[in-house]
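Per the working numbering, the sequence shown runs over residues -11 to 333.
Ideal Cβ placement from N, Cα and C applies to all residues, glycine included.
Bear in mind that the values here come from a model prediction, so they are computed numbers and not experimental data.
I have placed the structure first, in the form of structure tokens, so that the comments after it can refer back to it.
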Amino acid sequence: MKEKMESIKKELEEKIKNIKSDADLSNLKAEFLGKKGKVKELTTLLKDLKDEEKKEFGKNLNEIKTYVEGVFANKQEEFKNKVLEEKLKKESIDVTLPGTTIKTGAPNILEGMIEDLEELFISMGYDVVEGPEIELDLYNFELLNLPKGHPARDAQDTFYTKDDKLLLRSQTSPVQIRTMLANEEKSPIKIVCPGKTYRRDYDDATHSHQFMQMEGLLVDKDISLADLKGTWDIIAKHLFGEDTTTRFRSSFYPFTEPSVELDVSCFNCHGDGCAICKDTGYITVGGAGMVHPKVLENCGYNPEEMSGFAFGFGLERLAMLKYGINDIRLFYTNDLRVNPDRKDV
Ligand code: DAH
């Protein structure tokens, strides 16, 4: 028995040295540990043994079985490690290589500007309010002191729905009306309202049938034009830089009295005169004024007690000036270059 065991061990050690593949290994395993394998064969010796020898035999049998199984397990492990090693060699990563640039999106230029302005106004205590794009003629015109037949209505060629009571708002100013009407205590108001507006314009580089405005309204006791000027100054400096100066030009809007045009010093020539400012040194970006007493009255405010200022500007126009974009239609195409944050396009 001992000799047989030794020869099995030797034979196994010899043969396993030459094993190169998994398939060969499992064949060899069958040869030694299979049903008719060499280890099993040893049990045939059992029948010729005396009872007292059988115990010793069993022990030896177990020993050789464990030994053979161990040899195979080691070899298997060796194979596994080799495969892993080869895989790691092949897949080695050069961490010094530059990474692949992933193109990421960035906020739409208008959205970015709206968010930036909203933050500025919120920091000054304003609320951001929105209104519907399908609006009542009553709010878009009538209560803003633009009764039917008023010549100023023509300036805002309007899209009406099936009757003349509903329209696509031609300005964000009706949000002023909505906010004042909704304020039951007729308490002070400080709001800005960004949103889409619509006019029956032919689309070209500077006109679009749909564009965005930001409206502002401040109502309180003892508000004067000086408050509007100060506020406009803060907005202009925020948008175009600290060295920007502002100017009011007298104007007319039916819902403000007095009314002004909001001008900023030309960011290009700083007032010297150039093509962008048409040699005036200033650029007009919006309208404003003191809320007309009639408008306050229309919304239930007593103009003897409260006063306010309002302003409105076109956001595309601001963005075009700020970022040097020369065609308003670009905002509504998928041209990714209309985005100052994109360095990779
Ligand atoms: N709604 C005006 C427009 O679309 C802009 C405007 C002018 C808004 C004066 C105002 C304002 O609030 O006071 O042309």
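Short note on Phe109: C-beta not closer than 7 Å to any heavy atom of the ligand DAH. Leaving aside the five residues that flank Val117 on each side, the residues in its chain whose CB is nearer than 7 Å to its CB run, in chain order, Val163, Thr167, Ile179, Cys181. Taking a 10 Å sphere around the C-beta of Asp125, we find 16 or more other C-beta atoms and assign the residue as buried.
Three or more Cβ pairs drawn from the segment 205 to 219 and the segment 275 to 282 lie within less than 8 Å of each other, which places the two stretches in contact. Counting along the chain, Phe243 sits inside no alpha helix (DSSP H), nor does DSSP assign it H or E at all.
No heavy atom of the ligand DAH is found nearer than 7 Å to the CB of Gly259.
Judged by beta-carbon spacing, Ile271 lies beyond the 8 Å limit of Leu108, meaning their Cβ atoms are not closer than that value.
Here the C-alpha atom of Glu74 lies approximately 10 Å from the C-alpha atom of Lys68.
Relative to Glu292, the option among Gln64, Phe301, Lys282 whose CA is nearest is Lys282. Under the criterion of beta carbons closer than 8 Å, Thr185 and Thr160 qualify as touching, at roughly 6 Å. Residue range 26 to 30 is occupied by the alpha helix (DSSP H) that includes Val27. Annotation: Leu131 to Gly288 spans about 11 Å, alpha carbon to alpha carbon. Distances between the C-beta of Tyr241 and the heavy atoms of the ligand DAH include at least one below 7 Å. For Phe299, the closest alpha carbon among the candidates Asn286, Leu250, Phe319 is that of Leu250. When only Cα atoms are considered, Lys136 and His197 end up about 22 Å apart. Relative to the ligand DAH, Ala298 has its C-beta within less than 7 Å of a heavy atom. Assignment of Val207 by DSSP, reduced to helix, strand and coil, places it in the strand class. Taking a contact to require three or more Cβ pairs closer than 8 Å, the segment 57 to 72 and the segment -1 to 14 qualify as touching.
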